[in-house]
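Enquirer: The numbering of the sequence shown is numbering that gives the first Met the number 0, which starts it at 0 and goes up by one. Please read through the structure below; I'll follow up with questions.
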Amino acid sequence: MTVSATAQVPARWTTTAVGAGLLLVVLAHVVKGHYLQIEWHTTVPVPAAWWFAAEAAEALGGPLFFAAAGLGLGRLRDQRLTGMLLTRVVPNLVWYAAASAAGTVLLWRFGPGYGLTPIRDLPELLRQAVLPPSGLAPVYALAVFPLLAWLCRRLPTPLVLGAAATAGVLVAVAATRVPVLATSAELTRYLLFFLIGWRLGRLGEAIAARAVLLRFLLAAAVFAMVALAFAAAGEQAYGIRPLLLGLAALPCGVAGAALLAARPAGHRPLTAVGLAAAPIAAALVPITAVTGAFVVKRLSLLDGPVQLLVAVAEPVLLTAAIVVAGLVAHRVTPRIAALRPVPAAPAEATR
0 MTVSATAQVP ARWTTTAVGA GLLLVVLAHV VKGHYLQIEW HTTVPVPAAW WFAAEAAEAL
60 GGPLFFAAAG LGLGRLRDQR LTGMLLTRVV PNLVWYAAAS AAGTVLLWRF GPGYGLTPIR
120 DLPELLRQAV LPPSGLAPVY ALAVFPLLAW LCRRLPTPLV LGAAATAGVL VAVAATRVPV
180 LATSAELTRY LLFFLIGWRL GRLGEAIAAR AVLLRFLLAA AVFAMVALAF AAAGEQAYGI
240 RPLLLGLAAL PCGVAGAALL AARPAGHRPL TAVGLAAAPI AAALVPITAV TGAFVVKRLS
300 LLDGPVQLLV AVAEPVLLTA AIVVAGLVAH RVTPRIAALR PVPAAPAEAT R
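The following block contains the structure:
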């Protein structure tokens, strides 16, 4: 892979990055919220391997997904509020409402699961509408973050990013003492990555344009060293670990997405996933809840080679099912824009 080959796709790599990041986010949620609820009796450490894979996917996928989505906003300085609402906010709010309603119905039917409990009264319903649970956070963020970006479109970049970083750190530290703030910490962290992609998009495009295998491996090595440092620090750095680890993961993710975008085998499927980001994110909780209700107990009763085979393949199969469901929903609802990056628009300049 040469620099010139990657530079030929400066526009399409952002959608590829959205798709790659979303796949990692979905995989991490599937493993942590569903797969690890199954009682695995195999002596082969396959579940432990999937746990480590989910940790890496979560650290890399969220920052890449939201930074690429933010870069796809392009320039907002002269965009009207009605245009933002009709093209970004309302369509993705529709997907969030659908996912929230489906999740609520399924929780009423099958009981608590996936870290969620059935909504029992109006205050809980309003709380979920404003502050969604972790599984619904990605689709909620796709609707709300563009509006927040539009509101601060005329503010200087240092002020915007400084305020977002400060909020991310403060809420993350507070969440270590007040667990109910965990989702708030996740959302503020995602918002920081989104704003970084929007305001520092030129830097991301520069990394993508110069992406070669050696630079990707160096960025991956830096990411791995930061992850090992936080692992050694243990709980002492737990509050801000996801945020700092995500910042370290961004160069690696951008370079990897650019390399994938330069190859048709990587670009085409990941672009399809990126364009259907909202319906795929909306399908995450409902499909995982249904699957968990029907298969967790059954798979826990398996033993021997059959359970080992299931332990290896189940996260991949469930992730694929969620993606396919989202792609189908995107295809049959063409008037609801899932995510429309602006490939030709330059990134918001640093002011």
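Just so it is clear, CB atoms sit at the ideal spot from N, CA and C, and this is done for glycine as well.
(1) Give the secondary structure of Arg153 by DSSP, where H, G and I count as helix, E and B as strand, and everything else as coil.
(2) Any contact of the segment 267–277 with the segment 199–219, i.e. 3+ C-beta pairs under 8 angstroms?
(3) Considering only the beta carbon of each residue, do Ser183 and Leu130 sit closer than 8 angstroms?
(4) According to DSSP, simplified to helix, strand and coil, what is Thr332?
(5) With a threshold of 8 angstroms, are at least 3 pairs of Cβ atoms found where one atom belongs to the segment 41–52 and the other to the segment 69–87?
(6) Quick one: grab the DSSP three-state call for Gln306.
(7) Among Val295, Leu317, Ala324, which residue has its Cα nearest to the Cα of Glu38?
(8) Can you look up Pro44 in the DSSP assignment and give me helix, strand or coil?
(9) Measuring straight from C-alpha to C-alpha, what distance separates Leu92 and Arg188?
(10) Going by C-alpha distance, which of Leu308, Val327, Ile321, His329 is nearest Pro44?
(11) State buried or exposed for Gly161, treating a residue as buried only when at least 16 other CB atoms are found within 10 Å of its CB.
(12) Look up Ile239 in the DSSP assignment and say whether it is helix, strand or coil.
(13) With a CB to CB cut of under 6 angstroms and the five nearest residues on each side skipped, what residues in its chain are close to Ala140?
(14) Which of helix, strand or coil does DSSP assign to Ala16?
(15) Measuring alpha carbon to alpha carbon, tell me which residue in Gly252, Ile239, Ala97 is nearest Ala142.
(16) Within the continuous alpha helix (DSSP H) that includes Ile206, where are the two ends?
(17) On a Cα-Cα basis, can you pick out the residue from Thr14, Ala163, Ser133, Leu194 that is closest to Glu57?
(18) Pairs of beta-carbons, one from the segment 255–264 and one from the segment 11–29, closer than 8 angstroms: are there three or more?
(19) In terms of residues, what are the limits of the alpha helix (DSSP H) holding Ile286?
(20) Helix, strand or coil for Ile37, going by three-state DSSP, please let me know.
(21) Count the CB pairs spanning the segment 323–331 and the segment 278–285 that are closer than 8 angstroms, and state whether there are at least three.
(22) Answer with buried or exposed for Phe293, where buried requires no fewer than 16 other C-beta atoms within 10 angstroms of its C-beta.
(23) Taking C-alpha atoms, which residue in Pro137, Thr103, Leu146 lies nearest to Ala125?
(24) Ala260: which of Ile286, Gly245, Glu204 sits nearest, CA to CA?
(25) Per DSSP, what kind of secondary structure is Ala261 in: helix, strand or coil?
(26) Determine, using beta-carbon pairs with one atom in the segment 204–213 and one in the segment 262–270, whether at least three such pairs fall under 8 angstroms.
(27) Is there contact between the segment 25–35 and the segment 62–72, where contact requires at least three CB pairs shorter than 8 angstroms?
(28) Put Gly61 into one of helix, strand or coil per three-state DSSP.
(29) Alpha carbons only, please: which of Leu242, Thr290, Arg209 is nearest the one belonging to Leu105?
(30) Between Pro145 and the rest of its own chain, which residues show a CB-CB distance below 7 angstroms, the 5 nearest in sequence each way excluded?
(31) Buried or exposed: which applies to Gly303, given that a residue is buried once 16 or more other Cβ atoms fall within 10 Å of its Cβ?
(32) Check this for me: beta carbons of Leu242 and Val168, under 8 angstroms apart or not?
Expert: Reading it off the structure:
(1) In the sequence shown, the residue the question calls residue 153 occupies position 154. Three-state DSSP puts Arg153 in coil, outside helix and strand.
(2) no
(3) What you label residue 183 is simply residue 184 of the sequence shown in a count that begins at 1. What you label residue 130 is simply residue 131 of the sequence shown in a count that begins at 1. Taking 8 angstroms as the Cβ cut-off, Ser183 and Leu130 qualify as a contacting pair.
(4) In the sequence shown, residue 332 corresponds to position 333, counting from 1. Note: Thr332 maps to coil in three-state DSSP.
(5) no
(6) Within the sequence shown, numbered from 1, the residue matching residue 306 stands at position 307. DSSP, reduced to helix, strand and coil, places Gln306 within a helical segment of the structure shown.
(7) For the purposes of this step, residue 38 is taken as the residue at position 39 of the sequence shown. The shortest Cα separation from Glu38 among Val295, Leu317, Ala324 belongs to Val295.
(8) Stepping through the sequence shown from its first residue, residue 44 is reached at position 45. Of the three classes helix, strand and coil, the one that applies to Pro44 here is coil, per DSSP.
(9) One-based indexing of the sequence shown puts residue 92 at position 93. One-based indexing of the sequence shown puts residue 188 at position 189. When rounded, the distance between both Cα atoms is 20 angstroms.
(10) The residue labelled residue 44 in the question sits at position 45 within the sequence shown. Distances from the CA of Pro44 to each of Leu308, Val327, Ile321, His329 were compared; the closest alpha carbon is that of Leu308.
(11) The residue labelled residue 161 in the question sits at position 162 within the sequence shown. Only exposed fits Gly161, as fewer than 16 other CB atoms lie within 10 angstroms of its CB.
(12) Sequence index remark: in the sequence shown, residue 239 carries index 240 (1-based). For Ile239, the secondary structure class from DSSP, reduced to helix, strand or coil, is coil.
(13) Here residue 140 is taken as the residue at index 141 of the sequence shown, counted from 1. So the list reads Tyr189, once near-sequence residues are dropped.
(14) Translated into positions along the sequence shown, residue 16 becomes position 17. DSSP places Ala16 in helix when its eight states are reduced to three.
(15) Here residue 142 refers to the residue found at position 143 when the sequence shown is read from its first residue. For Ala142, the nearest C-alpha among the options comes from Ala97.
(16) Your numbering for residue 206 matches position 207 in the sequence shown. First-last of the alpha helix (DSSP H) with Ile206: 200–208.
(17) Within the sequence shown, the letter at position 58 stands for residue 57. With distances taken between Cα atoms, Glu57 lies closest to Ser133.
(18) yes
(19) The sequence position of residue 286 within the sequence shown is 287, counting from 1. Counting along the chain, the alpha helix (DSSP H) containing Ile286 begins and ends at 276–299.
(20) Here residue 37 is taken as the residue at index 38 of the sequence shown, counted from 1. The answer is coil: DSSP assigns Ile37 none of H, G, I, E or B.
(21) yes
(22) Numbered from its first residue, the sequence shown carries residue 293 at position 294. Phe293 should be labelled exposed.
(23) On the sequence shown, residue 125 is found 126 positions in, with the first residue counted as 1. Rather than Ala, the amino acid found at residue 125 in this sequence is Leu. The shortest C-alpha separation from Leu125 is found at Thr103.
(24) By 1-based counting over the sequence shown, the position of residue 260 is 261. The candidate whose alpha carbon is nearest that of Ala260 is Glu204.
(25) Indexing the sequence shown from 1 puts residue 261 at position 262. Ala261: coil per DSSP, three-state reduction.
(26) no
(27) no
(28) Locating residue 61 in the sequence shown gives position 62, where the first residue counts as 1. In the structure shown, Gly61 sits in a helix (DSSP, three-state: H, G or I).
(29) As a first step, residue 105 is located in the sequence shown; it is residue number 106 there, counting from the start. Cα-wise, what sits closest to Leu105 is Thr290.
(30) Your numbering for residue 145 matches position 146 in the sequence shown. Hits under 7 angstroms: Leu72, Met83, Arg87, Val88.
(31) As a first step, residue 303 is located in the sequence shown; it is residue number 304 there, counting from the start. Exposed, since its Cβ has fewer than 16 Cβ neighbours within 10 Å.
(32) Position 243 of the sequence shown, counted from the start, is the residue given in the question as residue 242. Position 169 of the sequence shown, counted from the start, is the residue given in the question as residue 168. Yes, these two residues count as a Cβ contact at 8 angstroms.
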